[in-house]
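> My structure is below; once you've seen it, I'll send some questions.
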Amino acid sequence: MGDRVADYRFQDAARKLVERGAQRIVVVPLLASRFSGHYDHRSRMMKKMRRGLGGVGILLAAAGCGRGEAELEAMKGDVVATYAEIVHASYEDSFRAVEEMAAAIAVLLAAPSEESLAAARIAWLAAREPYGQTEAYRFYGGPIDAAGGPETLLNAWPLDEGYVDYVEGAPESGIVNDVAAYPKLDRELLVLLNEAGAEENLSVGFHAIEFLLWGQDLFADGPGRRPYTDYVAGVGRNAERRIEYLRIVTELQVEKMEGLVAEWAPNDATNYRTSFLALPRDEAVRRILVGIGVLAKSELAGERMFTAYDNQDQEDEHSCFSDNTHRDIAANALGLMNVLQGHYRRSDGSTISGVGMTALFREVDSELADEVEALATRSLRAVEAIPVPFDQAIVDPDSRPAVLDAVYALMDLGDRIAEGGSALGLTINTALPG
Amino acid sequence: MNPWPGRPAPVAALVLLLSSCELAPPPHLLGGDTTIFDETPNAFAQPAPGLERDDELHFFVGNSFFNQNWVLAPASTEARDGLGPLFNTRSCAGCHFKDGRGRPPEGPREMGTGYLLRLSLPGAGSDGGPRPEPGYGGQLQDQGIPGVPAEGRAVIRYESVKGTFGDGEPWELRRPVVSIEDVAYGVLSEDLLVSARVAPQMIGMGLLEAVPEGAVLALADPEDADGDGISGRANRVWDEAAGAPALGRFGWKANQPTVAQQAAGAFLGDLGITTPMHPTNDCTEIQEGCRAAPGGGDPEIAEDDFRKVVLYASTLAVPAMRDAEDPRVVSGFHLFQETGCAACHTPTLHTEEHPTFAALSNQTIHPYTDLLLHDMGEGLADGRPDFEAEGREWRTPPLWGIGLVETVNGHTFYLHDGRARNLTEAILWHGGEAEGARDRFVALPGELRAALLRFLESL
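Just so you know, the protein sequences line up as chains S and G, in that order.
Each position in the first sequence, counted from 1, maps to that position plus 611 in the numbering used here.
Each position in the second sequence, counted from 1, maps to that position plus 1 in the numbering used here.
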């Protein structure tokens, strides 16, 4: 599926490139007369100097393209508007997928069986596809990460599994089994216990649900193997409490996703989207770039991939219970591409297309824009080339180079995104940990 | 009438400070070129800009070891087993939540708040450091793995201390009275010395490590030769890697010379994790369960991983000051100097070559500390010697980042044991050499006190 999506997207990107080239033919004579070849034949050093000049670079480049500052501003507006459309659509897709997951989990809890557990797992995996792409909208204090925002309740990791439920060698471990300390499980309690005392003490979110569906992954050849009987009252130890626990965290997941959709919905004067669109253009562009820059370089390359690569420990992989980390990584990388290209393919197959960040880079530095596009392509291919499952790829000497290759590609992409910010006169720090 | 002998009269100062447009703003790049710009709950959790590419990547690995919980040995999680046998928390982040600051527990069952009790007997131990309690060791470990009873638990109650500002506004402080209950290894020594500690924020440690020893010693004035009422002594501690005495830089009593030794001490004492520097668990003679417990490797954190944690702890960046040009902040900065706070909370230091991380070298930094020990008076005294630090002496803690503690950690508990509930209370507890500065603060009208606090909050 990944390949098909990627191919589709690259054809589309190629089409846009051709269109842009056509526009460019019109403006080239203008620059030739005004800059007598400087623009076409400028050295790499000149380009670097110009990147360093920041705001001055915008003026030069805008003049060089025959476009005024007003047009560049208008283009920023298009980028920001496209972004808001895509963010809303992808949160909506995620919300629907999480609703479907909740329905499948409700069936599991009402009638536990091999089949209903398998269906719930498939629904969890399906929900990860749109959600993974939304991680490109993080790290700048938007609705997902704002103080009191839902991120740590939705997708925080890694999770200390023994904090939630039994683990091998500790059958009475976890909140599920701690009847004495927590006689009654409810939403307030589970939210209160999330990150209580330590960041790894996670009680809710995608990975808590993942652990409750799969259990520990103690197997080299596949994911965790939690039996459905864990949810059969009277059979699984504390099954009634586990049922209640999974029900609560699933409902919470639906509710938090719905909240994100609302924050990005159009035509709501009180939500984040409205205030985002009202920001000075440069500030909105800066936020978008921080989001993708941090995701590329720090969160994805650094925390989610290199740490696991270096430690060679599956505890460090994102979806360690379901062995779905390869898809998490691919979806994150696709999310970067969505923002760069201003293009999103919805879960129902329809598409949203507008002006992407790379197009804006192109206005101020076409060579840099080429590099960003090439690196984004390379990153996407590199992550898709990592052998599956990820927990074996990080320990198999033949597979490890593929992981490291993807790490470096994403780091470079993050650095170039920051340079794109500089070319636009903005300061982008990609080094924020998540 | 003038409460500040030898200094401008308050009215003159007031006029000067309120017309702050004449005054230079404080330097806002607190970490020099390695300053970061973040005011979010992640403000203490970012790498210093300018690290080498591999160091940038290894920072994330260090972060993972810092955040993740250690588990019982043996476990499928081989890289992270070996918790305990006795411990206070399961992860570094358990005390330094988001690389920030701990606080006293609010109830007996609260876990991982970043608070612990140091224990010792009068006199010096084998290396010149504190003399451990024979049955309990150097700190009260309030958790144990199955089969190893926790040593006991700290119970805190507070007494009220009241006073009044110069303008008549009353204040009320809380003085902690700590006791140890549920002891599991026999009666505690009668002459036991107990000192409570909260975990400080982690930022800027590598920068402080790169301040040349000579520069710190130059700030010392043990006999108060300049007669300003402020002495300042260097702590000389044992550097285990060097096998020699060294300047103490880190910890509430400046009892650790390097980031590596500080980290190794925390691994062993707080988590019960052995490191290359401390290869054996510190169970006491009578702690049989502790001595018999299985280990999680030898050492439990591998040398390479330990180095990455040290890298992480050394390179956590310092956030920039906020609102440095706000007139009240500017006034506050100058009041900070006028009242004498800056005599110990030294605004500016310079780093030299950092042996490992080039980005930290040759920086002008603004940590607001002299790294020296000062007599802070009876109110704060713990009566517990630590190398050359005496019972009334504490190291000047850096103030960079102090205004972001609330954002990062959701509280404003300050001082070594978190007794101060806000910055005002922290200032009011200052005694000993700092009494003059404190009295000047108390004498200020409310508006100027607020400006000084506004400056601190912007750090």
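Glycine included, each C-beta is placed from N, C-alpha and C at the ideal position.
No experiment lies behind these values; they were computed from the predicted model shown.
Give the straight-line distance between the Cα atoms of S:E869 and G:D440, rounded to the nearest whole angstrom.
Along the first sequence, read from residue 1 onward, the residue named residue 869 of chain S stands at position 258. Along the second sequence, read from residue 1 onward, the residue named residue 440 of chain G stands at position 439. Taking the straight line from one Cα to the other gives about 55 Å.
> In the DSSP assignment, find the unbroken alpha helix (DSSP H) run with S:I899 in it and report its ends.
Against the first sequence, residue 899 of chain S aligns to sequence position 288. Segment R892 to V905, the alpha helix (DSSP H) holding S:I899.
> Please confirm whether S:L971 and S:V787 have their CB atoms less than 8 Å apart.
Within the first sequence, numbered from 1, the residue matching residue 971 of chain S stands at position 360. Within the first sequence, numbered from 1, the residue matching residue 787 of chain S stands at position 176. In this structure, S:V787 does not lie closer than 8 Å to S:L971 by Cβ.
> When burial is assigned at 16 or more other CB atoms within 10 Å of the CB, is S:A722 buried or exposed?
Taking the first sequence and counting its residues from 1, one reaches residue 722 of chain S at position 111. Exposed, since its Cβ has fewer than 16 Cβ neighbours within 10 Å.
> Starting from the Cα of G:G333, find the closest Cα among G:P446, G:V409, G:G113 and G:A49 and give me that residue.
Position 332 of the second sequence, counting from 1, holds the residue named residue 333 of chain G. Closest option to G:G333, Cα to Cα, is G:P446.
> Please name the residue, chosen from G:L317, G:Q140 and G:E301, that lies closest to G:T281 on a Cα-to-Cα basis.
Within the second sequence, the letter at position 280 stands for residue 281 of chain G. Nearest of G:L317, G:Q140 and G:E301 to G:T281, Cα basis: G:E301.
> Below 8 Å CB to CB, which residues in the same chain sit around G:T349 once its five sequence neighbours on both sides are set aside?
Looking up residue 349 of chain G in the second sequence gives position 348. Closer than 8 Å at the Cβ level, and outside the excluded window around G:T349, lie P28, T365, I366 and H367.
> Establish whether the CB of G:R234 and some CB of chain S are separated by less than 8 Å.
Against the second sequence, residue 234 of chain G aligns to sequence position 233. No, because no Cβ of chain S sits closer than 8 Å to the Cβ of G:R234.
> Please state the DSSP three-state secondary structure of S:V616.
The residue given as residue 616 of chain S occupies position 5 in the first sequence. Residue placement at S:V616 is flagged as unreliable, the pLDDT there being 35, under the threshold of 50; the coordinate-derived value follows with that caveat. Reduced to three states, the DSSP call for S:V616 is helix.
> Nearest CA to the CA of G:P131: which residue from G:L73, G:R237 and G:L336?
Position 130 of the second sequence, counting from 1, holds the residue named residue 131 of chain G. For G:P131, the nearest C-alpha among the options comes from G:R237.
> For S:N766 and S:S930, what's the separation of their Cα atoms in angstroms?
Position 155 of the first sequence, counted from the start, is the residue given in the question as residue 766 of chain S. Position 319 of the first sequence, counted from the start, is the residue given in the question as residue 930 of chain S. So the two alpha carbons sit approximately 10 Å from each other.
> Out of curiosity, what's the CA-to-CA distance linking S:A714 and G:A261?
In the first sequence, residue 714 of chain S corresponds to position 103, counting from 1. In the second sequence, residue 261 of chain G corresponds to position 260, counting from 1. Cα-Cα distance, rounded: 51 Å.
> By the 10 Å Cβ neighbour count, where 16 or more other Cβ atoms means buried, how is S:D841 classified, buried or exposed?
Here the question's residue 841 of chain S lines up with position 230 in the first sequence. When all chains shown are included, S:D841 counts as buried.
> So, do the segment 318-338 of chain G and the segment 448-457 of chain G have three or more beta carbon pairs nearer to each other than 8 Å?
These segments touch.
> Rounded to whole angstroms, what's the CA-CA distance from S:G1025 to G:G252? Just pull it up for me.
As a working mapping, residue 1025 of chain S is identified with position 414 in the first sequence. As a working mapping, residue 252 of chain G is identified with position 251 in the second sequence. Going from the Cα of S:G1025 to the Cα of G:G252 covers about 36 Å.
> Could you tell me which chain G residues have their CB closer than 8 Å to the CB of S:T918, listed as they occur along the chain?
Numbered from its first residue, the first sequence carries residue 918 of chain S at position 307. Correct list: F61, V62, N64 and S65.
> Quick check on S:I1039: does DSSP put it in helix, strand or coil?
Translated into positions along the first sequence, residue 1039 of chain S becomes position 428. The answer is coil: DSSP assigns S:I1039 none of H, G, I, E or B.
> Determine contact between the segment 859-866 of chain S and the segment 799-808 of chain S, defined as no fewer than three beta-carbon pairs at a distance below 8 Å.
These segments touch.
> List the whole-angstrom C-beta distance separating G:S121 from G:R323, where the pair is believed to meet the contact cut-off of C-beta under 8 Å.
Counted from its first residue, the second sequence places residue 121 of chain G at position 120. Counted from its first residue, the second sequence places residue 323 of chain G at position 322. Incorrect: roughly 40 Å between the Cβ atoms, too far for contact.
> Secondary structure at S:H954, three-state DSSP: helix, strand or coil?
As a first step, residue 954 of chain S is located in the first sequence; it is residue number 343 there, counting from the start. In this structure, S:H954 counts as strand in the three-state DSSP scheme.
> Can you check the segment 771-821 of chain S for any alpha helix (DSSP H) of at least 4 residues that lies completely inside it and give the ranges in chain order?
The qualifying runs are 772-775, 785-788 and 798-804.
> Give me the subset of the segment 891-906 of chain S whose CB atoms are less than 8 Å from a CB atom of chain G, sorted by chain position.
Flagged: no residues at all.
> If I measure Cβ to Cβ from G:K163 and keep anything under 8 Å in the same chain, skipping five residues before and after, which residues do I get?
Counting from one through the second sequence, the residue named residue 163 of chain G turns up at place 162. Taken in chain order, the residues that qualify are P171, W172, E173 and L174.
> Is there contact between the segment 944-964 of chain S and the segment 691-700 of chain S, where contact requires at least three CB pairs shorter than 8 Å?
Verdict: yes, contact present.
> Given that a residue counts as buried once 16 or more other Cβ atoms are within 10 Å of its Cβ, and exposed if not, what is G:G228?
What you label residue 228 of chain G is simply residue 227 of the second sequence in a count that begins at 1. Counting Cβ neighbours within 10 Å, G:G228 comes out exposed, since fewer than 16 surround it.
> Spatial neighbours of S:L770 within its chain, please: CB distance less than 7 Å, with the 5 preceding and 5 following residues excluded, ordered by chain position.
By 1-based counting over the first sequence, the position of residue 770 of chain S is 159. Counting only Cβ-Cβ distances below 7 Å, and skipping sequence neighbours, we find E811, L813, H818, A819 and F822.
> S:N943 and S:G743: beta carbons closer than 8 Å?
The sequence position of residue 943 of chain S within the first sequence is 332, counting from 1. The sequence position of residue 743 of chain S within the first sequence is 132, counting from 1. Going by C-beta atoms, S:N943 is nearer than 8 Å to S:G743.
> Nearest-angstrom Cα distance between S:E855 and S:A717?
In the first sequence, counting from the first residue as 1, residue 855 of chain S sits at position 244. In the first sequence, counting from the first residue as 1, residue 717 of chain S sits at position 106. Each residue's Cα considered, the two are about 11 Å apart.
> Could you give the DSSP three-state label for G:Q262: helix, strand or coil?
Working through the second sequence from its first residue, we reach residue 262 of chain G at position 261. In the structure shown, G:Q262 sits in a helix (DSSP, three-state: H, G or I).
> Is it the case that the segment 822-838 of chain S contacts the segment 98-115 of chain G, given that we only count it when at least three CB pairs across the two stretches are under 8 Å?
They do not touch, by the three-pair rule.
> Should G:I37 be flagged as near chain S, meaning a C-beta pair shorter than 8 Å?
Position 36 of the second sequence, counted from the first residue, corresponds to residue 37 of chain G. Judged by the 8 Å Cβ criterion, G:I37 is in contact with chain S.
> For the alpha helix (DSSP H) that S:T861 lies in, which residues bound it at each end?
Residue numbering aside, residue 861 of chain S sits at position 250 when the first sequence is read from its first letter. A850 to W875 is the span of the alpha helix (DSSP H), which, as asked, contains S:T861.
> Output yes or no for whether 8 Å exceeds the beta carbon distance between G:A197 and G:L374.
Counted from its first residue, the second sequence places residue 197 of chain G at position 196. Counted from its first residue, the second sequence places residue 374 of chain G at position 373. No. Outside cutoff.
> Does G:A80 come within less than 8 Å of chain S when only Cβ atoms are used?
Translated into the one-based positions of the second sequence, residue 80 of chain G becomes position 79. It does; some Cβ of chain S falls within 8 Å.
> From G:T397, G:P123, G:A314 and G:H279, pick the residue whose C-alpha is nearest to that of G:H59; which is it?
Position 58 of the second sequence holds residue 59 of chain G. Of G:T397, G:P123, G:A314 and G:H279, the residue nearest in Cα terms is G:A314.
> Output yes if chain G places a C-beta closer than 8 Å to the C-beta of S:P769; else output no.
Here residue 769 of chain S refers to the residue found at position 158 when the first sequence is read from its first residue. Yes, S:P769 counts as interfacial toward chain G.
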